[in-house]
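Below is one structure; the comments refer to it alone.
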Amino acid sequence: MFANRFTVLVDACSLFSPLTRNLLLSLAEGEFFRVRWSERILAEVERAIVRSYARKGASDGTERAARARAAMERAFEEAAVTGYEGLMSGLGELPDPNDAHVIAAAVKTRASVIVTENLRHFPERILKPLDLEAKSADEFISDTVDLDIGRAIPIVRRLRNGFGIQKRPHRHRSSTWKPAASPTRSTAFELTYSRFKVAQFQGCRSSSLALIPAHTDTLLLTVYQRA
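If you read the sequence shown in full-length UniProt numbering, its first letter stands for residue 1, the second for the next number, and so on.
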């Protein structure tokens, strides 16, 4: 357990994808950080899930979205931020005024990071004076895993098993990649995960868990462990 866990406000756009959501919340459950959101953020997530199922022609999207939201609220009863509305008007000129509630909630709960995919809506000129920074889910997950790779790997494995994802050896495509000098064994977990893709492992060395961000639908987690 991290005695100095930091607080993170997660925007709706980073909670929409089931795997992204589960990976973030699994790390929070593992006490890497304290997760926070607001009722408004969860309402946006719920509506987005409903729309997603509607596009797929599913008739039970409303029920599924409600169950997903209820599960989040049960698992993290302390995550809801309230009483932030009075802070919304003093945030300055935002690229999108509709995002004021996200920043205000982050300030109210004394978060240090806002996790969002709409980074351009959260400029440094607004966040820095508030001791805040914005990170994409890609970057945040990578940074969080780096805090304690040994504790993160079992979390990722449990998530992989829960989604029924098979692990398979990774075939490197980079002619410049070389393994660490010490003997290692490499295991690759390829997951369906928005905004990640398989990339060349140039410069990847020693024991590490590499998350390579990009803009496709694959996350490759490669664990290099000493034999």
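Just so you know, even glycine gets a beta-carbon here, dropped at the ideal spot from N, CA and C.
Cβ pair residue i, residue j closer than 8 Å
i, j, result
"residue 229", "R34", "Since the first residue of the chain shown is 1 and the last is 227, residue 229 is not available in this structure."
"A137", "T20", "yes"
"residue 229", "A75", "No answer is possible for residue 229: it lies beyond the span of the chain, which begins at 1 and ends at 227."
"residue 258", "R36", "The structure shown does not extend to residue 258, since the chain is modelled only from 1 through 227, so no value can be given for it."
"I155", "S26", "yes"
"A134", "T116", "yes"
"A71", "M88", "no"
"N161", "C13", "no"
"I126", "D11", "no"
"L147", "F32", "yes"
For residue i, the three-state DSSP class (helix, strand or coil)
i, result
"A134", "strand"
"L15", "coil"
"L94", "coil"
"R74", "helix"
"T62", "helix"
"T7", "strand"
"F140", "helix"
"S52", "helix"
"S89", "helix"
"R34", "strand"
"P154", "helix"
"E39", "helix"
Where the alpha helix (DSSP H) through residue i begins and ends
i, result
"S26", "18 to 29"
"K108", "100 to 108"
"L127", "124 to 127"
Contact test: residue i Cβ vs the ligand SAM heavy atom, cutoff 7 Å
i, result
"L9", "Here there are no bound small molecules, and the ligand SAM is not part of this structure."
Enclosing beta strand (DSSP E) for residue i [first to last residue]
i, result
"residue 231", "It is not possible to answer for residue 231, since the shown part of the chain is limited to 1 through 227."
Residue i to residue j span [Cα, whole Å]
i, j, result
"P18", "A105", "23 Å"
"A54", "E73", "23 Å"
"E46", "T62", "8 Å"
"P97", "L23", "29 Å"
"S52", "S38", "21 Å"
"E29", "A152", "11 Å"
"I141", "P123", "20 Å"
"V107", "D143", "22 Å"
"E139", "H121", "17 Å"
"E44", "A79", "16 Å"
"G90", "L132", "15 Å"
"T82", "G92", "21 Å"
"G57", "A66", "17 Å"
"L42", "R157", "27 Å"
"K128", "D60", "42 Å"
Integer-rounded CB distance, given that residue j should sit under 8 Å from residue i
i, j, result
"V102", "L9", "7 Å"
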